[in-house]
Each structure stands twice: as structure tokens, then as C-alpha cells.
Amino acid sequence: MRLFVALDLPWTLRERLAVLAGTGLPGARWVPPENYHLTLRFIGEMPGHRAEDIDIALAGLRGRGFSLTLAGVGTFAKGGRATAVWAGVERNPQLDRLQNKIETALQRCGLEPERRRFQPHVTLARLDNVGESKLVSFVQAHSLFRADPVRVEHFTLFSSRLGKEASVYTAEVEYGLN
Ligand code: 3AM
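214 is the number that my numbering gives the last residue of the sequence shown; the numbers go up by one with no jumps.
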């Protein structure tokens with residue numbers, strides 16, 4: 037199964053994010069609010085027995101709950117083309133610490149280290165062919181976006197099935213933080 041570790045988000049926050057989405061960006065494929073998440077670690081395709089090891093490793097991880105605030109919007113680009121638009125996260129050492137613990141636990145399970153820097157974000161849309169000026173206006177229009185802080189009391193191992201329209205994410209296991 038295809039796996040990733042992420043924070044799921046309370047519905048109050050999803051609704052707040054959904055207000056940002058859906059307008060002003062022709063060519064954007066908006067992520068449906070039920071799919072919003074903050075990826076902590078993409079794992080990828082894993083056979084069942086390795087998924088079990090991963091579950092055990094994540095279950096053994098000890099961490100504390102913390103508050104998280106989404107703020108700002110930004111874009112990812114590849115080869116000079118914008119590929120995604122996202123909501124950002126205010127600086128959060130506790131989130132970084134959690135991500136670090138997850139990375140360490142997964143490497144102990146035999147996963148290759150994640151080479152990319154952790155850039156916490158919630159993807160709002162994937163972009164195929166969105167005009168640069170529209171994108172700049174969108175980012176500017178929402179630059180002051182800031183949601184109310186939310187408590188994070190668990191993180192989640194998700195499986196993902198790639199769908200035609202949107203992927204289907206299933207929360208497989210929740211790991212409490214206390
Ligand atoms: O959290 P976001 O939406 O930015 O793009 C995928 C999504 O990112 C990413 O993992 C998250 C949950 O599916 N993803 C998909 N394939 C990936 C890969 N091969 C990947 N991240 C890194 N490497």
C-alpha cells in the first residue's frame with residue numbers, strides 16, 4: 037500500500053482553508069477539503085509486512101501535543117512552472133521536532149532518509165497550466181491569511197489510492213501525542 041504520515045486537520049480549519057480555495061485560479065485542481073492534510077513524511081508503496089514494522093515504529097514514538105497555526109499562502113514550482121499552491125504554517129519548533137522523530141523512527145525501520153527539507157504546508161490545489169499573473173494575484177490576495185491556532189493531539193498514518201479526480205486518503209492508524 038502507498039503510505040504517508042500526516043496531520044489530519046479539524047473541520048473548523050478545513051472550512052477556513054476551503055474559503056481560500058475554488059476561486060480566481062482557472063486551471064487549478066482544487067484539493068477537496070476532506071483531503072486536506074499536512075504531510076510529515078511521504079513513505080510510498082510498501083508491502084504489508086513493512087507497513088506493520090512502520091506502524092510499530094510510529095506507535096513507539098513519544099511526543100507531546102502542541103498548537104499549530106496555518107498562515108500565508110505560497111507555491112511550489114518545478115522547472116520554472118508552478119505545480120501547487122499551499123497554505124503555510126507559522127514557525128513551529130514542536131512540529132519540527134515531531135517531524136524529526138518520525139523521520140528517525142522510519143529510518144530505523146530501514147527507509148531511505150528523506151533528502152528534501154521539511155517545508156510544512158497544506159496543499160490547496162495542484163496546478164497544470166495556471167497563468168503567472170493569476171497566481172501572483174492569488175498569492176497576494178491571500179498573503180494575510182491566518183487561521184486560528186488548533187491543537188494537535190495525534191498524527192496519522194494514511195494510505196492513499198490514486199484516483200481519477202482526486203486521491204482517496206484513508207486514515208489507517210492514529211498515534212496519540214500527550
Ligand atoms: O502534502 P502534499 O499534498 O504536498 O504530493 C503528495 C502529497 O503531498 C506527496 O505526498 C503527499 C501525500 O500523498 N507525494 C506523492 N508522491 C511523492 C513522492 N514520490 C510525494 N512526496 C515525495 N515523493
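Just so you know, even glycine gets a beta-carbon here, dropped at the ideal spot from N, CA and C.
Computed from a prediction, not measured in an experiment: that's the story for all the values here.
Fewer than three Cβ pairs drawn from the region 171-181 and the region 136-149 lie within less than 8 angstroms of each other, which leaves the two stretches out of contact. Residue pairing for tyrosine 211: DSSP places it in a beta bridge opposite Phe191. The beta-carbon distance between arginine 65 and alanine 161, rounded to whole angstroms, is 6 angstroms. This is short enough to meet the 8 angstroms contact definition. About 6 angstroms separates the beta carbon of alanine 87 from that of methionine 37, a gap short enough to meet the 8 angstroms contact definition.
Judged by beta-carbon spacing, leucine 131 lies beyond the 8 angstroms limit of phenylalanine 112, meaning their Cβ atoms are not closer than that value.
In the three-state reduction of the DSSP assignment, leucine 142 falls in the helix class. Its Cα nearest to that of glutamate 81, the residue Phe40 stands out among Val121, Ala120, Arg187 and Phe40.
A Cβ-Cβ separation of about 6 angstroms places alanine 42 in contact with leucine 76 under the 8 angstroms criterion.
For serine 173, the three-state secondary structure derived from DSSP is helix. Of the residues Pro62, Arg98 and Glu201, the one whose Cα lies closest to the Cα of asparagine 136 is Arg98. Isoleucine 90 is classed as buried because its beta carbon has at least 16 other beta carbons within 10 Å across all chains shown.
Contact between histidine 85 and leucine 45 does not hold, since the beta-carbon distance rounds to 31 angstroms and is not under 8 angstroms.
Of the heavy atoms belonging to the ligand 3AM, at least one sits nearer than 7 angstroms to the Cβ of serine 196. For arginine 197, the closest alpha carbon among the candidates Asn71, Val125, Arg133 and Thr59 is that of Asn71. Glutamate 126 and threonine 105 do touch by the CB rule: their CB atoms are close to 4 angstroms apart, below 8 angstroms.
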